[in-house]
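Below: the structure, in structure tokens.
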Amino acid sequence: MNYELMVIFTPVLSEDDYKAAQKKFADIIKDNGGDVTHENPWGLRSLAYPIRKKTTGMYLVLEYSAPSDLNEKLKIQLNRDENVLRHMVTALDKYAVEYNGRKKHGVNADPKTTEA
């Protein structure tokens, strides 16, 4: 199954701590039989609403394929980590995987049909 994980870390992380947190969750996925297909650290972004009195957060988006039981182990680690403000795991269907692949390779993500 293909999944996408979005994590918002606390904005007080140093650059090294942010990189270490990225590696930590990528390693959890790899150690439990998953495969990280794409890693996209967004960096510091504004939040739509304050979370724990913070108005910004460090974003990370990971695309991975893994057995479904891995998600429960991953959620436990995300909930235990005090640097994580929010997280969301989304199951990707084949169309989402194709769309993300086109987007990554710079191809127009919305295929338009042209009339002759």
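Residue numbers for the sequence shown follow this note's numbering, so the first one is 1 and each next one is one higher.
Beta carbons are placed, not taken as given, at the ideal position from N, Cα and C, and that holds for glycine.
Owing to the predicted nature of the structure, the values given are computational and were not obtained by experimental measurement.
- Message: If we require 4 or more residues per run, which alpha helix (DSSP H) segments fall completely within the stretch 65 to 90?
- Response: Listed in chain order, the complete alpha helix (DSSP H) runs (minimum 4 residues) inside the stretch 65 to 90 are 70 to 80.
- Are the stretch 97 to 106 and the stretch 69 to 87 in contact at 8 Å, needing three or more beta carbon pairs? As far as the Cβ criterion goes, the stretch 97 to 106 does not touch the stretch 69 to 87, which means the pair count is below three.
- Taking all protein chains shown into account, decide if Met58 is buried (16 or more other Cβ within 10 angstroms of its Cβ) or exposed. Here residue 58 refers to the residue found at position 58 of the sequence shown. Under the 10 Å beta carbon count, Met58 is surrounded by 16 or more other beta carbons and is classified as buried.
- Message: If contact is defined by three or more beta carbon pairs under 8 Å, each pair taking one atom from either stretch, is the stretch 77 to 89 in contact with the stretch 5 to 23?
- Response: Contact between the stretch 5 to 23 and the stretch 77 to 89 is present, because at least three Cβ pairs lie under 8 Å.
- Message: Please classify Gly43 as buried or exposed, where buried requires at least 16 neighbouring CB atoms within 10 angstroms.
- Response: Residue numbering aside, residue 43 sits at position 43 when the sequence shown is read from its first letter. With fewer than 16 other beta carbons inside 10 angstroms of its own, Gly43 counts as exposed.
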